[in-house]
Amino acid sequence: MKIAFFDTKPYDKPSFDAFSAEAGMEIKYFETKLTPDTVSLAEGFDAVCVFVNDNVNAEVIDRLCEMGVRAVALRCAGYNNVDVKHAFGKVHVFRVPAYSPYAVAEHAMAMLLTSIRRIHKAYIRTRDFNFSLSGMTGFDLFGKTVGVIGTGKIGRVFIDICRGFGMKVLAYDKYPAQDLDNGDTVRYVSLDELFESSDIISLHCPLTEDTYHLIDAESLAKCKRGVVIINTSRGALVDAEALLSGIKARSVGAACLDVYEEESDFFFEDFSGHILDDDILARLISMPNVIVTSHQAFLTEEALSNIAETTVKNLLDFMRDGGSPNEVCYRCGKEADCGTRGKCF
Ligand code: NAD
0 MKIAFFDTKP YDKPSFDAFS AEAGMEIKYF ETKLTPDTVS LAEGFDAVCV
50 FVNDNVNAEV IDRLCEMGVR AVALRCAGYN NVDVKHAFGK VHVFRVPAYS
100 PYAVAEHAMA MLLTSIRRIH KAYIRTRDFN FSLSGMTGFD LFGKTVGVIG
150 TGKIGRVFID ICRGFGMKVL AYDKYPAQDL DNGDTVRYVS LDELFESSDI
200 ISLHCPLTED TYHLIDAESL AKCKRGVVII NTSRGALVDA EALLSGIKAR
250 SVGAACLDVY EEESDFFFED FSGHILDDDI LARLISMPNV IVTSHQAFLT
300 EEALSNIAET TVKNLLDFMR DGGSPNEVCY RCGKEADCGT RGKCF
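The opening position of the sequence shown corresponds to residue 0 in numbering that gives the first Met the number 0, with each subsequent residue numbered one higher.
The following block contains the structure:
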């Protein structure tokens, strides 16, 4: 099986080389993203392997189909960048539903602690032998209320971490998991109650039509003054302009952003010698109480190895059996995994 691998970064290759060699697959690595302009590179391949900012829209899917490419293997969990409705009946789409929820949840907590204990400031100050503590006052997490939106794999790990800090958890999920609510330290509540009562809000739901700009001017207006917003999920869950206004108005206390709505133009690339053509991102980064990482939450050795192993297995299953349990199927339920091993078409 021949795979065209798009948006390749140096850290992708070692794990993919190891697992694909074992499986007898041939991978050609392209640095460019998959877009309508680059899709012709996939000519002659059986499958494409893509990441979060590749654009698998209807045009790309039609071209893949014309060229005889039969599968799109996402090496990530989210699939908001794939038109799965259009893909149905044309190309099979696979994803890696879980590779390390710990990687993302731990990064969310790392960002939160960095922000509220001013570690990012302290690191720079002490390197300059500035041992002053003025402006460094933080607050305890113990006893604070964290609102967790999305209580799937990552949200649950994040909740466990927060409970370790002695925090109270208010949870919201479209499909609540009843075993999680203990009526005391973890409670499912309405979104409004979560907004009104949380000191910190962390987003762990997928990007869908329902969740687009979940954090916007209206929801921020319901939040406590000084609320900390953490987004390690998908950029468009947050209306960045509204967040910036909240920060300027001092109603948002801090923001920890691993994702950004327009990240595909910037993230994963080095723009250090350039003028950033995104005023909102530039202004957010300039704020002392905003921490931005460039979609880095997944990046641990464990996660990279699990991603490569599952992606190669998805393609092997498809090759041998015509399907994989990790198929993303439009027909079989809410654009989610169909569980029929891709036998729907
Ligand atoms: P998951 O599928 O296990 O959990 C998602 C949860 O969100 C589910 O419980 C689901 O019921 C809930 N949900 C769905 N629609 C909702 C809605 N409208 N409102 C509230 N909740 C809703 O997924 P996961 O593995 O926990 O990943 C969560 C998200 O994290 C992914 O969708 C992806 O966007 C993001 N992610 C980011 C990184 C990163 O590096 N920053 C890495 C992996 C995943």
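Even glycine gets a Cβ: it sits at the ideal position worked out from N, Cα and C.
Check                                                                                                                                                              : Outcome
Just the Cα atoms here: how many angstroms apart are Ser133 and Phe93?                                                                                             : 51 Å
Flag Ala76 as yes when its Cβ comes closer than 7 Å to any non-hydrogen atom of ligand 1, and as no otherwise.                                                     : yes
Nearest-angstrom Cα distance between Lys89 and Arg69?                                                                                                              : 8 Å
Could you tell me whether the Cβ atoms of Leu206 and Ala235 are closer together than 8 Å?                                                                          : yes
Below 7 Å, is the gap between the Cβ of Lys8 and the nearest heavy atom of ligand 1?                                                                               : no
I'd like to check one pair, Thr136 with Leu169: are the Cβ atoms closer than 8 Å?                                                                                  : no
Who are the Cβ neighbours of Leu202 in its own chain at under 6 Å, not counting the five residues just before and after it?                                        : Ile148, Asn230, Ser232, Leu236
Let me know the alpha helix (DSSP H) ranges lying completely inside the stretch 73 to 101, each 4 residues or longer, listed in chain order.                       : 83 to 86
I'd like to know if the stretch 121 to 133 and the stretch 158 to 178 are in contact, where contact means that at least 3 CB-CB pairs between them fall below 8 Å. : no
Measure the Cβ-Cβ separation of Asn52 and Lys32 and say whether it is below 8 Å.                                                                                   : yes
When you compare each of Arg74, Asp61, Pro100 to Asp82 by their alpha carbons, which one comes out closest?                                                        : Asp61
Compute the distance between the beta-carbons of Lys1 and Gly67, then report whether it is under 8 Å.                                                              : no
Please classify Asp198 as buried or exposed, where buried requires at least 16 other C-beta atoms within 10 Å of its C-beta.                                       : buried
Counting only runs that start and end within the stretch 149 to 218, where is the alpha helix (DSSP H) found for 4 or more residues in a row?                      : 152 to 163, 190 to 196
Based on Cα-Cα distance, which residue from Cys204, Ser218, Ile246 lies nearest to Pro287?                                                                         : Ile246
Per DSSP, Phe4 forms a beta bridge with which residues?                                                                                                            : Tyr28, Cys48
Taking 7 Å as the line, does the beta carbon of Asp257 fall inside it for any heavy atom of ligand 1?                                                              : yes
Is the Cβ-Cβ distance between Ala254 and Ile274 less than 8 Å?                                                                                                     : no
Could you have a look at Val226 and say whether DSSP puts it in helix, strand or coil?                                                                             : strand
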